[in-house]
Amino acid sequence: MCFPCCLFMVCVHVCLLPFPLLFFSFFFFFFLWSSAKCRCSGAAGHRGHWVGVCHRRNGRQGGMSCKAVRVAIALSGGVDSAVAALFLRRCVPHWGDVEALWRLERPLALCEVVEALEQQRPLSEVVALAPATGNSHDPAAAVNYFPLFMKNWDDAFESDGVGRSWCEAAQEDYNDATDVARALGLLHIREVLPLHNYSACYVEKCFQPMLDAYARGATLNVDVLCNEEVKFLALLDALLTAGRAAYLATGHYARTVHFPLLSCENAAPTSLRVIARPFSARNDLNDQTVFLSRLSKRQTLRAIFPLGHVFERKSDVRAVAEHFGMKRISTKKTSTGLCFVGEHYRRAGRGGSCAGGFRSFLEEYMAPNCTALQKLTAAGQQTTFINAENGDVVEASGLALHGDDDGVLLPAYSLTIGQLVRGKSEDGKMMRYYVQGKKLFSFRENCNKGDNEDDDGGYVRHLHTVWLVDRWDHPLLYGKVAKIYDVKLSVHPQWLGNREGSVRLHCRCCARHQEPLRPALICFDWSDVSEKNGCIRVATATVLFEEPVRALTPGQALVAYISFSKEGAEDAAGWFVVASGWIA
Numbered sequence: 001m002c003f004p005c006c007l008f009m010v011c012v013h014v015c016l017l018p019f020p021l022l023f024f025s026f027f028f029f030f031f032l033w034s035s036a037k038c039r040c041s042g043a044a045g046h047r048g049h050w051v052g053v054c055h056r057r058n059g060r061q062g063g064m065s066c067k068a069v070r071v072a073i074a075l076s077g078g079v080d081s082a083v084a085a086l087f088l089r090r091c092v093p094h095w096g097d098v099e100a101l102w103r104l105e106r107p108l109a110l111c112e113v114v115e116a117l118e119q120q121r122p123l124s125e126v127v128a129l130a131p132a133t134g135n136s137h138d139p140a141a142a143v144n145y146f147p148l149f150m151k152n153w154d155d156a157f158e159s160d161g162v163g164r165s166w167c168e169a170a171q172e173d174y175n176d177a178t179d180v181a182r183a184l185g186l187l188h189i190r191e192v193l194p195l196h197n198y199s200a201c202y203v204e205k206c207f208q209p210m211l212d213a214y215a216r217g218a219t220l221n222v223d224v225l226c227n228e229e230v231k232f233l234a235l236l237d238a239l240l241t242a243g244r245a246a247y248l249a250t251g252h253y254a255r256t257v258h259f260p261l262l263s264c265e266n267a268a269p270t271s272l273r274v275i276a277r278p279f280s281a282r283n284d285l286n287d288q289t290v291f292l293s294r295l296s297k298r299q300t301l302r303a304i305f306p307l308g309h310v311f312e313r314k315s316d317v318r319a320v321a322e323h324f325g326m327k328r329i330s331t332k333k334t335s336t337g338l339c340f341v342g343e344h345y346r347r348a349g350r351g352g353s354c355a356g357g358f359r360s361f362l363e364e365y366m367a368p369n370c371t372a373l374q375k376l377t378a379a380g381q382q383t384t385f386i387n388a389e390n391g392d393v394v395e396a397s398g399l400a401l402h403g404d405d406d407g408v409l410l411p412a413y414s415l416t417i418g419q420l421v422r423g424k425s426e427d428g429k430m431m432r433y434y435v436q437g438k439k440l441f442s443f444r445e446n447c448n449k450g451d452n453e454d455d456d457g458g459y460v461r462h463l464h465t466v467w468l469v470d471r472w473d474h475p476l477l478y479g480k481v482a483k484i485y486d487v488k489l490s491v492h493p494q495w496l497g498n499r500e501g502s503v504r505l506h507c508r509c510c511a512r513h514q515e516p517l518r519p520a521l522i523c524f525d526w527s528d529v530s531e532k533n534g535c536i537r538v539a540t541a542t543v544l545f546e547e548p549v550r551a552l553t554p555g556q557a558l559v560a561y562i563s564f565s566k567e568g569a570e571d572a573a574g575w576f577v578v579a580s581g582w583i584a
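Using UniProt numbering, you'd call the opening residue of the sequence shown number 1 and step up by one each time.
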């Protein structure tokens, strides 16, 4: 009932009713008008509800502020980041919806996702969850999103012709990311997608360490370093310092969840989040927690991964992209962290192979130690190939090796543990070998007189001996013990019940992306645990697997997981990252 109608009826009663009834009627009609006003306010919907809550809380002494929360969305030009942005834009308008995202106990079915996106329903309405406690922001606070694109590589051979050097794939991805941002209303039609150039940082923190590792025969996972040092450190710090964003959202398949076993004094239950496997880990191999395994507590607190919380499988993500008009992007291949190995290097590879192209790329940037190479060659040194099972020499001339036809002396990065090497036997039969082990020429043989043995100057070492086996699953390719170094822990050992002496963590580990988790035991001394700048580290540790693991490769990240509960230990999504180190 509107206010004029109420006023008219009161006037009529003034003329017709005695004073006691008049007094009662006045309050009765006032109640009707107030109720109608409340119903009209409620009809404004979910947003009006949050605004009302916000106003009431701002009126309270000491209440949380409803200041908008700024979230940056890193668009890569691929389907994953595009769908992550779509979901955040349409279904996560308030901080209460972010909390609902983080607290989801199950993924949404594809039909639920599509319906929510079409209706633009806030996630907190889609799922029924009890109110969260200890929120870092008021649930009523609006979330403001802004897109960005990271450029991590300059390629002198693939220029766009206007003074900027671009990786060929990155130029296309930038254009696609711009189209997505405009289609979602994150950019105006003539607005340029913000470009954050971290090429120099990437070279220093990721690319050069990768070259150093390959020079000494290790195989470093550069994607792990990129997330640890560039995306969630350099970029995130810049956004925080400039006040442009408090959180960074990406299209990774992972979740961040509250650590449930926190028992330290003076620590709130919401003060720690950990990286957990995505719900999609139950159905396919799209688990990217290995690449995020070295994020610190601070970095994890600032990360938002919508896909890992919402979707059951990768195919659902592609289906959503196609349904909402992003058909071309929905069919793009999943990118890798080495996009900068472009067509220039693929053409340089033997037969256009990826492996040959990558070696050509490495040779472009790795400095050969010409003096050492001449010294080894003059001494008649060669790379020797040995059958690891019987000790027989395998003739290099019968192996298909990239580089010189005779394969006399190979650089350390030529072969990695477990790699396939094709060849022919003496009778012409096609053979398949796998690298079981390798040994480098000693530093004294590979360097100049007077060089410091502790610093090889980044020069390429050379292979002295390579041991081969003739089967992919040969027992000699398997091992049960791995030494790891520079180990990062997501939680302090004391929170897991270890308080003194040697620490022994029962866990499950993997040494490669998309590899199954295997039962293992991580052992290290309590005295080796240190904490600095929010990172808990262990200098060295030993990993003991229950069953042998194939091709444990130096330089790869070995990641350990712990289950949230013993009852749910067989749930593929019920594991979180507890440690990540580099295989020695």
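From the three backbone atoms N, C-alpha and C, an ideal C-beta is built for every residue, glycine too.
Exposure of residue 105 is indicated by the presence of fewer than 16 other C-beta atoms within 10 angstroms of its C-beta. When C-beta atoms of the region 483-490 are compared with those of the region 569-578, three or more pairs fall below 8 angstroms, so the two segments count as touching. Under the three-state reduction of DSSP output, residue 361 falls in the helix class. DSSP places residue 300 in the uninterrupted alpha helix (DSSP H) bounded by 297-301.
DSSP places residue 86 in the uninterrupted alpha helix (DSSP H) bounded by 79-91. Per DSSP, reduced to three states, the secondary structure at residue 570 is coil, with no helix or strand assignment.
For residue 540, the secondary structure class from DSSP, reduced to helix, strand or coil, is strand. Of all alpha-carbon atoms in 140, 304 and 323, the one lying nearest the alpha-carbon of residue 67 is that of 140. Taking every protein chain shown into account, the CB of residue 380 has fewer than 16 other CB atoms within 10 angstroms, so this residue is exposed. Exclusion of the five residues before and after residue 302 leaves 232, 236, 240, 246, 247 and 248 as the residues of its chain whose Cβ lies within less than 8 angstroms of its Cβ. For residue 491, the secondary structure class from DSSP, reduced to helix, strand or coil, is coil. Between the alpha carbons of residue 472 and residue 518 lies a gap of roughly 19 angstroms. For residue 208, the enclosing alpha helix (DSSP H) starts and ends at 208-215.
Residue environment analysis places residue 189 among the exposed positions, since fewer than 16 neighbouring C-beta atoms fall within 10 angstroms of its C-beta. Residue 146 is bridged by DSSP to 72. A distance below 7 angstroms between beta-carbons, with the five flanking residues on each side excluded, links residue 573 to the following residues of its chain, in chain order: 277, 278, 279, 281 and 282. Each residue's CA atom was taken as its position, placing residue 441 and residue 426 some 28 angstroms apart. Within the DSSP bridge table, the entry for residue 196 names 150 as partners. A distance below 8 angstroms separates the beta carbons of residue 307 and residue 80. If you draw a straight line from the Cα of residue 392 to the Cα of residue 386, it is about 6 angstroms long.
Closest in C-alpha terms to residue 256, from the list 296, 74 and 208, comes 296. The closest CA to that of residue 318, considering only 334, 304 and 201, is found on 334. Considering only 485, 272, 416 and 376, the residue with the shortest C-alpha distance to residue 219 is 416.
Considering only 305, 418, 358 and 483, the residue with the shortest C-alpha distance to residue 103 is 305. Look at residue 398 here: in three-state DSSP terms it is helix. Contact check for residue 253 against residue 230 fails: the beta carbons are separated by 8 angstroms or more.
Residue environment analysis places residue 462 among the buried positions, since at least 16 neighbouring C-beta atoms fall within 10 angstroms of its C-beta. Rounded to whole angstroms, the Cβ separation of residue 436 and residue 469 is 5 angstroms, and the two are in contact under 8 angstroms.
Excluding its 5 nearest sequence neighbours in each direction, residue 84 has C-beta neighbours in its own chain below 8 angstroms: 73, 249, 250, 251, 305, 306 and 307, listed in chain order. Residue 485 places its beta carbon 8 angstroms or farther from that of residue 551. Beta-bridge partners assigned by DSSP to residue 518: 509. Secondary structure note for residue 531: its beta strand (DSSP E) is the uninterrupted segment 529-532. Counting the other CB atoms within 10 Å of its CB gives residue 481 a total below 16, which places it among the exposed residues. In chain order, 556 and 557 place their CB closer than 6 angstroms to the CB of residue 221, counting only its own chain and leaving out the 5 sequence neighbours on each side.
Judged by beta-carbon spacing, residue 326 lies within the 8 angstroms limit of residue 82, meaning their Cβ atoms are closer than that value. A straight line joining the alpha-carbon of residue 186 with that of residue 228 spans about 27 angstroms.
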